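> Okay, handing you the structure first.
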DNA sequence: GCCGGTCTATATCGCCGATATAGAACCTAT
DNA sequence: ATAGGTTCTATATCGGCGATATAGACCGGC
């Protein structure tokens, strides 16, 4: 496997197109029918291939899903780009929290596949994502504003944002639930100290009340 | 359906025994083979019945799993009893956090079934459990020590303990990871204010730094 | 002794993931 | 160009799954 032919040629190109068609069909089925609706046979119909083709290219269904998850992580990463994050490292982490939750809320099926796999072997793409989070936390540490070891703080932060996102996906919360900001600011104020410059606001009410109108949604 | 016979009689007793045998077999299979290993046919072999019997008693597999989940919630509740919780309402909540995480860590498969169901319709038993949590939070509010509305605080607290437990189950953490206490104390110190009596310790460093040498574990 | 309701078994359906087998398309070397 | 090896794809099938149609066994009440 993977013997790199000197020239891929039209044959390999067609093969790659088949591979792509299978992945696209899988992602479409995943979005439209959910995880349970993702069957090899339906993928075959949608992609215009037969089962052995899928097994030849991906090995088994789990490996195919792994590739789909890779694509999901690419889209996940994209949710953090294309917007200018705050410069302040703590605010950047808060920004990351919101982007993370936003992705989970708008891609529930994908999120479950990425972070709630029953046989939780972390994908390389997942580890890369976690590493990006660790770097954001380390930037806070570099600024002398982290109150816990980087590893512990990273893990605790992730557990917080994952907990929020999980409950959001389960339909227990709405996206504007005050508990979200509550949980987010709890972990942030526990892990970090305010910057020296922003002393003027000093110890503003520990909970973030700045946003204007998130006050109408009851339970 | 549901016409209550005047006297259940020995027949109904045998039926109830069959029902119990099916549930016991399902729980044993669940514990030994995991969620995926839980098949109607295997349950039949273990319980000594045939598939139509299961469908007669439970309707379909999802309903059977619902009954199993009910039993899990009973065991879950038991994890909070039999031990004398602290009297201080905040400390009682901290105690509940630890019991919750402990149950999740020692019953990973069951926890996933209870709280990570893909088709997340909350079981009545699950709602009852959440209500118990809400009462613990309300007790803090009654003591005048809650810093957020009861509903929001309850939800935020649950998201925190659920996030920790999920990551613990996924094998990402060990049970002694400092991040657990970090996340726990973060949400507690954000949601509550210290009691008037314990003023002597006042505003101890927001983060818990007491542990001595947790600085050797790099990446 | 028969009868209506409750409970269980036999046999089967359609779908699933996976694969053994074989053939088609392509590249390389002669 | 052509023979040989490699890569890719299709036909047909296996065993297992959830679910059910059908029918028989058991029991209480008339």
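Chains as they are written, first to last, in our numbering: chain R, -9 to 209; chain E, -9 to 209. Think of the CB as a built atom: it goes at the ideal place given N, C-alpha and C, for glycine as much as any other residue. All values derive from a computational prediction rather than experimental measurement.
What are the start and end residues of each continuous alpha helix (DSSP H) run of 4 or more residues lying completely inside the stretch 107 to 141 of chain E, in chain order?
114 to 132
> Buried or exposed, going by whether 16 or more other CB atoms sit within 10 Å of the CB of residue 20/R?
As a working note, residue 20/R is residue 30 in the first chain. By the neighbour-count rule (16 or more Cβ atoms within 10 Å), residue 20/R is buried.
> Mapping DSSP to helix, strand and coil, what is residue 155/R?
Here residue 155/R refers to the residue found at position 165 when the first chain is read from its first residue. Three-state DSSP puts residue 155/R in a helix.
> Can you give the Cα-Cα distance for residue 90/E and residue 15/E, rounded to whole angstroms?
Within the second chain, numbered from 1, the residue matching residue 90/E stands at position 100. Within the second chain, numbered from 1, the residue matching residue 15/E stands at position 25. The alpha-carbon atoms of residue 90/E and residue 15/E are separated by roughly 26 Å.
> Need the endpoints of the alpha helix (DSSP H) that residue 181/R sits in, please.
As a position in the first chain, residue 181/R is number 191, starting the count at 1. Unbroken alpha helix (DSSP H) run through residue 181/R: 168 to 181.
> Under 7 Å between beta-carbons, which chain R residues line up against residue 179/E? List them in chain order, please.
Here residue 179/E refers to the residue found at position 189 of the second chain. Correct list: 180.
> If the cut is a Cβ gap below 9 Å, which residues of chain R does residue 150/E touch?
Start at 1 with the first residue of the second chain, and residue 150/E comes out as number 160. What residue 150/E touches in chain R, judged by beta-carbon distance under 9 Å, is 149, 150, 153, 154, 173, 176, 177, going in chain order.
> Where residue 34/R and residue 9/R are concerned, what is the direct C-alpha to C-alpha distance, given to the nearest angstrom?
Translated into positions along the first chain, residue 34/R becomes position 44. Translated into positions along the first chain, residue 9/R becomes position 19. Cα-Cα distance, rounded: 11 Å.
> So with CB distances below 8 Å, who are the chain E contacts of residue 157/R?
Here residue 157/R corresponds to residue number 167 of the first chain, with the count starting at 1. Within chain E, 145, 148, 149, 152 have C-beta atoms less than 8 Å from the C-beta of residue 157/R, given in sequence order.
> With 8 Å as the limit, tell me which residues of the stretch 4 to 34 of chain R have their beta carbon closer than that to any beta carbon of chain E; keep them in chain order.
24, 25, 26
> Please report the straight-line C-alpha distance between residue 103/R and residue 47/R, rounded to a whole angstrom.
Here residue 103/R corresponds to residue number 113 of the first chain, with the count starting at 1. Here residue 47/R corresponds to residue number 57 of the first chain, with the count starting at 1. Roughly 21 Å between the two C-alpha positions.
> Could you give the distance in angstroms between the alpha-carbon of residue 11/R and the alpha-carbon of residue 37/R?
Start at 1 with the first residue of the first chain, and residue 11/R comes out as number 21. Start at 1 with the first residue of the first chain, and residue 37/R comes out as number 47. When rounded, the distance between both Cα atoms is 6 Å.
> Report the rounded CA-to-CA distance for residue 220/R versus residue 31/R, giving the unit in angstroms.
As displayed, chain R neither begins before -9 nor continues past 209, which places residue 220/R out of reach and without an answer.
> Can you tell me which of the three DSSP states residue 28/R falls into?
By 1-based counting over the first chain, the position of residue 28/R is 38. Residue 28/R falls in the coil class under three-state DSSP.
> Answer with buried or exposed for residue 94/R, where buried requires no fewer than 16 other C-beta atoms within 10 angstroms of its C-beta.
One-based indexing of the first chain puts residue 94/R at position 104. The residue is buried, with at least 16 neighbouring Cβ atoms inside 10 Å.
> Could you tell me if residue 40/R is buried or exposed, where buried requires 16 or more neighbouring beta carbons within 10 angstroms of its beta carbon?
Position 50 of the first chain, counted from the first residue, corresponds to residue 40/R. Classification of residue 40/R: exposed, given that the 10 Å Cβ count is below 16.
> Under the three-state reduction of DSSP, which class applies to residue 78/R: helix, strand or coil?
Here residue 78/R refers to the residue found at position 88 when the first chain is read from its first residue. Coil at residue 78/R, not helix or strand.
> Could you check what DSSP says for residue 50/E in three-state terms: helix, strand or coil?
For the purposes of this step, residue 50/E is taken as residue 60 along the second chain, with counting starting at 1. Residue 50/E: coil per DSSP, three-state reduction.
> Between the stretch 111 to 125 of chain E and the stretch 160 to 176 of chain E, do at least 3 Cβ pairs fall closer than 8 Å?
no
> Is it right to say residue 182/E is buried, meaning 16 or more other beta carbons lie within 10 angstroms of its own, or is it exposed?
As a working mapping, residue 182/E is identified with position 192 in the second chain. Burial call: buried.
> Give the straight-line distance between the Cα atoms of residue 157/E and residue 23/E, rounded to the nearest whole angstrom.
What you label residue 157/E is simply residue 167 of the second chain in a count that begins at 1. What you label residue 23/E is simply residue 33 of the second chain in a count that begins at 1. For residue 157/E and residue 23/E, the distance between alpha carbons rounds to 21 Å.
> For the alpha helix (DSSP H) that residue 98/R lies in, which residues bound it at each end?
By one-based count along the first chain, residue 98/R stands at place 108. Counted as a single uninterrupted DSSP element, the alpha helix (DSSP H) harbouring residue 98/R occupies residues 98 to 105.
> Anything in chain E within Cβ reach of residue 142/R, meaning under 8 Å, just list it in chain order.
Locating residue 142/R in the first chain gives position 152, counting from the first residue. Simply 167, 168, 169, 172, 204.
> Could one say the Cβ of residue 162/E lies closer than 9 Å to chain R's Cβ atoms, at least one of them?
In the second chain, counting from the first residue as 1, residue 162/E sits at position 172. Chain R, which has a Cβ nearer than 9 Å to the Cβ of residue 162/E, makes this yes.
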